[in-house]
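Undergrad: Residue numbers (full-length UniProt numbering): 1 to 762.
Before we start, here is the structure in question, set down as structure tokens.
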């Protein structure tokens with residue numbers, strides 16, 4: 001025992017700062033999160049929006065899924081688990097654990113929530129080692145690591161974007177690179193292989209992590225190359241290998257997706273790339289109250305409203321910036337610009353700081369905001385990341401490490417100048433200010449999480465749907481749940497919003513194991529989204545999704561007490577009510593009720609006795625046709641504005657409501673336009689009314705096209721109607737203006753019979 005005691009004592013002495021750091025971090029977490037920290041499986045960290053959906057996709061895959069295919073949404077198709085935002089690295093691991101018959105406390109919720117909280121002390125440990133590698137003494141490094149960890153901009157992500165909340169990943173990536181530059185060639189090779197693996201595994205938590213790992217490695221290697229000279233302790237080859245490792249991490253992730261994802265028609269250019277970006281304000285101005293309001297009111301400085309770009313470094317970080325700018329000006333006056341681009345800093349910080357600056361510039365939209373946005377058309381994979389402001393998080397870590405190093409150097413300088421008391425007072429002041437900001441941020445997020453002790457209601461409700469359905473309607477009788485109001489989000493072109501039913505539908509799906517026909521996922525397949533949306537199309541439109549259902553079991557409609565659209569009401573009318581309470585009503589919908597043939601036969605029969613109307617406008621030809629519509633007529637492609645009709649309605653009545661409808665191509669489109677309906681006074685030419693609707697809101701889906709309609713009641717029979725579309729690119733066809741109360745049957749120039757601009761034959 002006497003032989004081991006000195007070794008244990010030596011180990012504890014060496015590791016004492018790290019032990020203290022972890023203990024203090026855990027104490028602070030317990031103080032801030034209270035019972036949440038002790039019982040993380042008892043809380044949903046979010047009960048709405050993206051957070052609720054991300055809870056659901058994670059839990060559903062853990063409880064009911066397997067492998068890389070997520071079957072919980074967009075039934076009967078499902079999607080790749082990566083695009084569900086369900087943290088596949090965790091959910092696939094725990095799903096495998098469940099399949100082995102091993103116990104799964106809290107259904108895996110506590111594991112995810114606990115890991116998000118434990119990410120803070122893990123981040124602190126890594127930052128401590130990074131600070132020590134940059135010559136910061138042990139105890140100042142402990143304090144600095146705690147301050148940086150509890151101010152992390154990723155802490156906010158525990159409120160919804162859970163896969164982005166792991167604050168230890170960027171420090172981990174940086175720490176690996178630091179060690180690679182401080183190792184032999186053979187060891188650095190293994191470390192870079194570890195970097196590739198860490199980037200890939202991070203991508204399985206959220207794809208942004210693998211991209212962030214690649215960006216950091218590229219920036220780090222580039223800066224190392226630019227700063228290299230004969231006196232450098234590293235080779236140019238190492239800098240190049242670092243950049244290759246960054247690219248390889250993305251390459252491995254892309255290969256994994258190529259081998260496991262078979263969906264070819266995901267959105268290539270989601271909106272937001274140059275909108276959700278960082279800025280000087282989002283990095284250096286306060287983003288949370290009360291400082292945010294004070295900053296705006298007292299200093300007349302506008303904080304950033306783009307929260308995706310928040311990477312706030314704190315007031316002390318802003319002070320360090322001002323002092324650094326003063327030093328830079330001094331270097332310029334003394335004609336020593338070399339010290340600006342290659343300052344006297346420890347190697348990891350000298351490279352890391354500038355690499356962080358490059359990442360922040362990219363996160364701010366550089367160089368694309370300099371009139372080079374067209375370059376993005378040649379960088380389609382990059383455009384997949386709509387929130388580039390998140391890449392400024394790299395700068396947060398590299399810069400705050402610099403801030404700790406800078407003030408530690410300043411305190412040493414003051415002590416050496418016999419100003420020890422002043423240095424100590426200044427250090428205490430800076431720590432108090434920084435610590436208060438960190439406490440304020442952590443307390444705000446912890447308060448929001450602590451009020452969501454609803455796991456029992458969400459996952460183990462007393463008012464069980466299994467009980468409601470009973471013996472007469474066992475859950476095994478149904479194949480999927482159709483929530484209403486319906487929601488379909490992710491394809492970028494076809495969408496229905498119905499957040500009011502998300503909680504109840506996801507709760508029922510977790511309990512029963514039945515998947516949802518609805519979807520709220522990233523980059524969802526457009527063709528599959530359209531097929532699902534056809535459930536709400538007009539009765540005469542064939543429902544392609546019927547051929548893809550694996551069996552003939554009915555669907556279970558779950559209708560919450562919120563207003564329904566007409567297509568939703570139509571679907572409910574085809575179903576049979578089997579249960580109702582204050583939370584939801586359950587209906588049984590046979591698949592046979594969705595068959596379009598009976599409605600088509602009835603319409604064709606009515607068409608034989610139809611007398612053509614004179615108060616109808618039909619446009620089915622164009623001056624410069626570019627294609628064919630699903631009704632067989634010529635179509636017109638364009639961009640900007642396209643007037644579809646501009647004139648009076650024949651034999652119009654001011655007591656009549658008129659509907660203007662048009663078919664718009666959706667397949668192959670990056671975005672969909674807006675349909676406008678204007679009424680102009682027939683005598684004065686003044687605008688009387690202006691209505692518009694997003695084509696993406698259409699529910700009539702047919703062969704990759706959407707039928708969209710707007711209605712208006714003319715104020716005067718002589719008034720003129722202008723129907724036009726406005727968008728980046730579009731293709732339109734088959735315009736019909738008709739009295740809303742009257743059915744209009746036609747045989748088009750293509751020979752196709754229609755009812756109210758809807759096909760009666762394929």
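Quick reminder that beta carbons are idealized off the backbone N, C-alpha and C, glycines included.
#1: With residue 523 as the anchor, note down where its alpha helix (DSSP H) starts and where it stops.
#2: Does the pairing of the region 707-718 with the region 598-616 give three or more beta-carbon distances under 8 Å?
#3: For residue 524, collect the residues of the same chain with a Cβ closer than 6 Å to its Cβ; drop the 5 residues on either side in sequence, then sort them by chain order.
#4: Please give the ranges of any beta strand (DSSP E) in the region 687-752, keeping only runs that are unbroken, at least 3 residues long and fully inside the region.
#5: Within a Cβ cutoff of 6 Å, which residues of the same chain sit near residue 585, ignoring the five residues on either side of it in sequence?
#6: Among residues of its own chain, excluding the 5 on either side of residue 540, which ones have a beta-carbon nearer than 8 Å to its beta-carbon?
#7: Just to confirm before moving on: does the CB-CB distance between residue 480 and residue 533 stay below 8 Å?
#8: Identify every run of the beta strand (DSSP E) within the region 344-372, keeping only runs that are complete inside it and at least 3 residues long; order them along the chain.
#9: In terms of DSSP beta bridges, what is residue 617 paired with?
#10: Rank 368, 388, 378, 406 by C-alpha distance to the C-alpha of residue 316 and give the top, closest one.
#11: Alpha carbon to alpha carbon, how far is residue 347 from residue 131?
#12: Is residue 308 helix, strand or coil by DSSP?
#13: Around the Cβ of residue 1, are there at least 16 other Cβ atoms within 10 angstroms (buried) or fewer (exposed)?
#14: Could you round the C-beta distance between residue 56 and residue 112 to whole angstroms and report it? I think they count as a contact, below 8 Å.
#15: For the candidate residues 351, 212, 520, whose alpha-carbon lies nearest to that of residue 388?
#16: If you drop the 5 nearest sequence neighbours on each side, which residues of the same chain put their C-beta closer than 8 Å to that of residue 172?
#17: So, with DSSP's three-state summary, where would you put residue 634?
#18: Short of 8 Å in beta carbon distance, which residues of its chain neighbour residue 512, apart from the five on each side in sequence? Order them along the chain.
#19: Applying the criterion that 16 or more other CB atoms from any shown protein chain within 10 Å of the CB defines a buried residue, is residue 204 buried or exposed?
#20: Say whether the region 91-107 touches the region 116-126, bearing in mind that this needs 3 or more beta-carbon pairs closer than 8 Å, one atom from each stretch.
#21: Pull up the CB-CB distance for residue 814 and residue 210, whole angstroms please, since I reckon it's below 8 Å.
#22: List the whole-angstrom C-beta distance separating residue 397 from residue 178, where the pair is believed to meet the contact cut-off of C-beta under 8 Å.
#23: Does residue 463 pass the burial test, meaning 16 or more other C-beta atoms within 10 Å, or should it be called exposed?
#24: Let me check understanding here. Comparing Cα to Cα, which of 741, 588, 701, 624 lies closest to residue 613?
#25: Among 629, 727, 684, which one has its Cα closest to the Cα of residue 675?
#26: According to DSSP, simplified to helix, strand and coil, what is residue 540?
#27: Taking CB distances under 8 Å as the criterion, tell me whether residue 688 reaches chain C.
#28: In angstroms, rounded to a whole number, what distance separates the CA positions of residue 351 and residue 240?
#29: Measuring CB atoms only, is the region 276-291 touching the region 436-445, in the sense that at least three cross pairs come out at less than 8 Å?
#30: Is the separation between the beta-carbon of residue 143 and that of residue 510 shorter than 8 Å?
#31: Indicate the three-state DSSP secondary structure (helix, strand or coil) for residue 252 in the structure shown.
#32: Go ahead and label residue 663 buried or exposed: buried means 16 or more other beta carbons lie within 10 angstroms of its beta carbon, across all protein chains shown.
#33: Shortest alpha-carbon distance to residue 636 belongs to which of 229, 37, 668, 621?
#34: Which of helix, strand or coil does DSSP assign to residue 391?
#35: Whole angstroms are fine: how far does the CA of residue 394 sit from the CA of residue 502?
#36: For residue 54, count neighbouring Cβ atoms within 10 angstroms of its own Cβ and tell me buried if that reaches 16, exposed if not.
TA: Well, looking at it:
#1: First-last for residue 523: undefined, no H or E at that position.
#2: Not touching, per the Cβ criterion.
#3: 490, 491
#4: 687-694, 700-702, 705-713, 720-739, 745-747
#5: Sequence-distant partners of residue 585 (beyond 5 residues in either direction) whose C-beta falls short of 6 Å from its own C-beta, in its chain, are 559.
#6: 596, 599, 600, 603, 755, 758, 759, 760
#7: Taking 8 Å as the Cβ cut-off, residue 480 and residue 533 do not qualify as a contacting pair.
#8: Runs of the beta strand (DSSP E) inside the region 344-372: none found.
#9: 737
#10: The alpha carbon of residue 316 has as its nearest neighbour, out of 368, 388, 378, 406, the alpha carbon of 406.
#11: 12 Å
#12: helix
#13: Low confidence applies to residue 1: its pLDDT is 49, below 50, so where it sits in the model is not reliable enough to give any reading.
#14: Actually they are not in contact, since the Cβ atoms of residue 56 and residue 112 sit about 12 Å apart, beyond 8 Å.
#15: 212
#16: 126, 198
#17: strand
#18: Same-chain partners within the cutoff: 465, 466, 475, 481.
#19: By the 10 Å Cβ count, residue 204 comes out buried.
#20: no
#21: Residue 814 is absent from the model: the chain starts at 1 and stops at 762.
#22: Not confirmed; about 12 Å, so no contact.
#23: exposed
#24: 741
#25: 727
#26: coil
#27: Protein chain content of the structure displayed is limited to a single chain, and chain C is not contained in it.
#28: 14 Å
#29: Three or more beta-carbon pairs separated by less than 8 Å link the region 276-291 to the region 436-445, which places the two stretches in contact.
#30: The answer is no: Cβ separation not under 8 Å.
#31: helix
#32: buried
#33: 621
#34: helix
#35: 34 Å
#36: buried
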